[in-house]
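In the numbering used here, the protein residues as written are 1 to 283. Virtual Cβ for every residue (Gly too), placed ideally from N, Cα, C. From a predicted model like this one, the values you see are computed outputs, not experimental measurements. Down below is the structure, laid out as structure tokens.
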Ligand code: SF4
């Protein structure tokens, strides 16, 4: 194993209320979110994967930019030798903040599911019921590129946006990676709304055909199962292989190896979905 990527979902807190969100972490106790505990989790991860030459840690949420000690944690991850990335809903990005992040992150990803205000409202991808306008999203993307950080865009294709043509916007935003996910039902998280959002594989393929982009990375619902190494806000590894989130014991209580044995992860599926790529930013 030469490369490994991990996703640390630092918090369940978010300033948006997306209908399809799988990251409420309803069944895990997320109260122990302190810098000291997160540092312990990072240290355990580091000890568990330090033998793998090329390691990436992605900070996600909830909304990770709400966490006041995000920068400290990211710096610690870099000190441990991880390449680092951030996935955000974009709402709290400013040019100044992105310039500060330029020293901390190799990649910044923004979740953009639609550019249609009505669709964004119906998806709950709003701040105080107001969607982020397309020109603001474009501005964030430009700031990220100008700061010398690689730009990623994540899109979740579902019943409400599957007919949308995002390609002209994507070509202007010019991400180095556009991850296009098919909506995945996770019971206990988005299961109650799944009938309104799930789409068939034909509908998903249709979206891909209508939006072909050089750096598009498609991931259908089956590709996503067991192919991510994910850490929950309570410090536990978790997996989604059975259509719900299943947790290990927290990484501040057990070793990396013990926690890994308590979840399902397939390195083969991780590779197959394109999880290994050149992620280190040459500075
Ligand atoms: S922005 Fe992300 S974390 Fe927040 S509610 Fe939407 S999908 Fe969930």
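Residue(s) in a DSSP beta bridge with residue i
{"i": "residue 55", "result": "4"}
{"i": "residue 252", "result": "In DSSP, residue 252 forms no bridge with anything."}
{"i": "residue 60", "result": "9"}
Any non-hydrogen atom of ligand 1 within 7 Å of residue i CB
{"i": "residue 61", "result": "yes"}
{"i": "residue 23", "result": "yes"}
{"i": "residue 190", "result": "no"}
{"i": "residue 176", "result": "no"}
{"i": "residue 286", "result": "Beyond the ends of the chain as shown, which are 1 and 283, falls residue 286; an answer cannot be given."}
{"i": "residue 216", "result": "no"}
{"i": "residue 111", "result": "yes"}
{"i": "residue 16", "result": "yes"}
{"i": "residue 159", "result": "no"}
{"i": "residue 55", "result": "no"}
{"i": "residue 125", "result": "yes"}
As assigned by DSSP and simplified to three states, the class of residue i
{"i": "residue 85", "result": "strand"}
{"i": "residue 323", "result": "Look at the range of the chain in this structure, 1 to 283, and you will see that residue 323 is not part of it."}
{"i": "residue 219", "result": "strand"}
{"i": "residue 193", "result": "helix"}
{"i": "residue 163", "result": "coil"}
{"i": "residue 201", "result": "helix"}
{"i": "residue 269", "result": "helix"}
{"i": "residue 40", "result": "helix"}
Own chain residues within Cβ distance below 6 Å of residue i, not counting five before or after
{"i": "residue 181", "result": "156, 219"}
{"i": "residue 73", "result": "38"}
{"i": "residue 262", "result": "248"}
Any C-beta of chain D under 8 Å from that of residue i
{"i": "residue 222", "result": "Looking at the structure shown, chain D is missing, and only one protein chain is on hand."}
Same chain, Cβ closer than 8 Å to residue i, neighbours up to 5 away in sequence not counted
{"i": "residue 102", "result": "147, 148, 149"}
{"i": "residue 236", "result": "28, 247, 248, 249, 250, 251, 259"}
{"i": "residue 115", "result": "134, 137, 164, 166, 169"}
{"i": "residue 53", "result": "2, 3"}
Close-in-space but distant-in-sequence residues of the same chain around residue i (CB under 7 Å, 5 per side omitted)
{"i": "residue 276", "result": "3"}
{"i": "residue 112", "result": "137, 153, 155"}
Output the residue ranges of the alpha helix (DSSP H) runs that lie fully inside the stretch 93-160 and measure 4 residues or longer, sorted by chain position. 95-101, 117-123, 134-146
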